[in-house]
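Chains as they are written, first to last, in my numbering: chain L, 22 to 346; chain H, 286 to 611.
For reference, the structure is listed below as structure tokens.
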């Protein structure tokens, strides 16, 4: 079997807080193949974004990381910042939730697009310029030549997000990490965005990790899905399977919280309570205080992800939804 | 039918931008009855938030009128807001910014009682009662806003508006900043309040699926105007305005089918120079020459109103078919 493009094994990230060190990500493993879109879902505080930052070596000062992150078989953890700089942007790139934060407000778009290319690809100024115009066309910005001379403030939110993607794509990365890429966007712009990511996957064989709490977005674009809760994997497997027959009570809860057109005027079913904050993660299964299927053992025994016959991983030994699904 | 609690007639709101007038809202009629939830949806820049602000008197009107329980909603100025407008309240998007971080939650909620002339003891009692009403422990009164999650803070903001015993609430993107499970909780809470307290509720959101779940009627806005309005189920299940169709088709369904949502090319035009005729025509798959010229008026088609003469014409011909279920 060939090595996946990205292989994360037993990743644990410990962050310093006022009350000491706490695990924000706890023993997380997943892999991404070339040309594959995977999704990481969960509420805020589930460790989604910390996982993404760990891939880039961009964790807050004082964070401790153990486990392994291998890109094409080469270990990323423990690289020097110089070595990381050669990988960031070139091999893996990131699109964040806030396009305003990703673009420099007083540099023209052209400069922001070409500096990566010149640095990573060593192309000439003219070549970089024409590639940049091509990229803007790819992300469907009208009049690319004019856009290269414009500033971020001159574009709408949706266009800025597309430009931020163009910047991320400038050095032709093999893996794009998109952290809540569409959360701030209108559904129409979001639809265009999802189609763009899918096209890039097909045309360039680019792999994408989409981080979002929106299961609709996941269903549209991610082939496989990892559901995280309190820094740990709750359930992982093919998206279609997870959404059609969730086995972890948390996955079930996330799905139930979505509006269902066919259940008109029925109240939305929400998961009671809120996710635990760092440092207050319960013993045993971290979800047990909110889980309606919890039994005594859930409060004491720490569950581990177990492979199921249908190819998914489930971190819920009682498996109360087995009969239902 | 009883009189609407809130009535907007031909409302227009203008901004000035570099000396030019920009009509953010252009001739909107909308009425809200007690106990009714009206959803207001549309892309960013369509004027839905401006309309919401105008409805409570936070934006001066360029034309038209807003009445609350039959009396005019006057724009907020230096003078004290008229007593009769106390029943018209607003909830804003960001529960992190709408609460004073240096005051205890109980004080924040009790303020409303004291403003209305109640005693301090009365304020403390009402605050405890309302915090419980919105699903928080009464002990929350002694904590500060930062001790709560986003969803809980939005509950506090809602409790604060309830002090005034409102008969109409305007909620501008009240759940957009919250987590998935908190979104469901707040949407449910707003729905309950509308039913229990017989509140008229205008719910502004770019999240159509939540509107679908809780709103009785939905108004779809595009570039300052309502393009389709009607019963939520009717509009959602069989949208007739091409713009509504595009919006509904763009929502990704969490069914695991792996289907990419349909794209609506183009961006919302600059409201400073809206296209002539139908404002949607540059992006509309059905656009004809006449769409460039004819200003569209809302007209009833298939149990709702749409502002599209192309569909209105074909719609009246097709109205012989049985209504779509839902």
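Heads up, the beta-carbon is just placed ideally off N, CA and C, and yes, glycines get one too.
With 8 Å set as the bound, which would you pick, yes or no: does the beta-carbon of residue i sit closer than that to a beta-carbon of chain L?
i: residue 504(H); result: no
i: residue 418(H); result: no
i: residue 279(H); result: Residue 279(H) lies beyond the stretch modelled for chain H, which goes from 286 to 611, so this question has no answer here.
i: residue 396(H); result: no
i: residue 589(H); result: no
i: residue 376(H); result: no
i: residue 393(H); result: no
i: residue 300(H); result: no
i: residue 602(H); result: A caution first: residue 602(H) carries a pLDDT of 46, below 50, which makes its placement in the model too unreliable to give a value.
i: residue 537(H); result: yes
i: residue 290(H); result: no
i: residue 540(H); result: yes
i: residue 532(H); result: yes
i: residue 464(H); result: yes
i: residue 526(H); result: no
Please confirm if residue i has its CB atom under 8 Å from at least one CB of chain H.
i: residue 242(L); result: yes
i: residue 119(L); result: no
i: residue 237(L); result: yes
i: residue 38(L); result: no
i: residue 164(L); result: no
i: residue 207(L); result: yes
i: residue 346(L); result: With a pLDDT of 48 at residue 346(L), under the threshold of 50, the predicted position of this residue should be treated as unreliable, though the coordinate-derived value follows. Cβ-Cβ to chain H under 8 Å: no for residue 346(L).
i: residue 333(L); result: no
i: residue 73(L); result: no
i: residue 310(L); result: no
i: residue 300(L); result: no
i: residue 20(L); result: Missing from the structure shown is residue 20(L); chain L here goes from 22 to 346 and no further.
i: residue 276(L); result: yes
i: residue 157(L); result: no
i: residue 145(L); result: no
i: residue 197(L); result: no
i: residue 81(L); result: no
Taking residue i and residue j to be in contact with their CB atoms under 8 Å, please state how far apart those CB atoms are, rounded to whole angstroms.
i: residue 461(H); j: residue 374(H); result: About 19 Å separates the two Cβ atoms, so there is no contact after all.
i: residue 438(H); j: residue 430(H); result: 6 Å
Along the chain, where does the beta strand (DSSP E) that runs through residue i open and close?
i: residue 180(L); result: No beta strand (DSSP E) holds residue 180(L); the alpha helix (DSSP H) holding it covers 178-190.
i: residue 634(H); result: Only positions 286 to 611 of chain H appear in the structure, and residue 634(H) is not among them; the question remains open.
i: residue 591(H); result: 589-591
i: residue 325(H); result: 322-326
Cβ of residue i less than 8 Å from any chain C Cβ?
i: residue 291(L); result: The structure shown contains no chain C; its protein chains are L and H.
Pull the bridge partners of residue i from the DSSP assignment, please.
i: residue 30(L); result: 89(L)
i: residue 247(L); result: 61(L) and 257(L)
i: residue 95(L); result: 92(L)
i: residue 38(L); result: 41(L)
i: residue 135(L); result: Partner(s): none; residue 135(L) has no beta bridge.
i: residue 453(H); result: 373(H) and 485(H)
i: residue 51(L); result: 29(L)
i: residue 113(L); result: 109(L) and 196(L)
i: residue 297(H); result: 311(H) and 348(H)
i: residue 228(L); result: 196(L)
i: residue 302(H); result: 305(H)
i: residue 507(H); result: 510(H)
i: residue 498(H); result: None, per the DSSP bridge assignment.
i: residue 291(H); result: 317(H) and 353(H)
i: residue 328(L); result: 334(L)
i: residue 46(L); result: 34(L)
How would you write the range of the alpha helix (DSSP H) that residue i sits in, first residue to last?
i: residue 446(H); result: 435-447
i: residue 527(H); result: 527-534
i: residue 17(L); result: Outside the displayed range of chain L (22 to 346) lies residue 17(L), so it cannot be described from this structure.
i: residue 585(H); result: Not the alpha helix (DSSP H): residue 585(H) falls in the beta strand (DSSP E), residues 584-586.
i: residue 242(L); result: 236-242
i: residue 516(H); result: It is not in any alpha helix (DSSP H) - residue 516(H) instead sits in the beta strand (DSSP E) that spans 510-516.
i: residue 413(H); result: 405-418
i: residue 271(L); result: 270-277
i: residue 75(L); result: 69-76
i: residue 333(H); result: 333-340
i: residue 304(L); result: From DSSP, residue 304(L) is part of no alpha helix (DSSP H); its letter is neither H nor E.
i: residue 392(H); result: 390-400
- request: Using a Cβ-Cβ cut-off of less than 7 Å, list which residues of the region 431-455 of chain H approach chain L; keep chain order.
  value: 434 and 436
message: Any C-beta of chain H within less than 8 Å: which residues of the region 41-63 of chain L qualify?
response: none
- prompt: What residues in the region 483-496 of chain H have a beta carbon less than 7 Å from any beta carbon of chain L?
  reply: 491, 493, 494 and 495
message: Taking beta-carbon pairs under 8 Å, can you tell me which members of the region 303-327 of chain H lie near chain L?
response: none
query: Relative to chain H, which residues along the region 167-191 of chain L have a C-beta separation below 7 Å, given in chain order?
result: 177, 178, 179 and 180
query: Taking a cut of 9 Å between CB atoms, which residues from the region 253-265 of chain L lie near chain H?
result: 259, 260, 261, 262, 263, 264 and 265
Contact list for the region 211-225 of chain L against chain H, Cβ threshold 8 Å: 211, 212, 213, 215, 216 and 219
message: Please identify, using Cβ separations under 7 Å, the residues of the region 543-576 of chain H that lie next to chain L, in order along the chain.
response: 543, 544, 545, 546, 547, 548, 549 and 552
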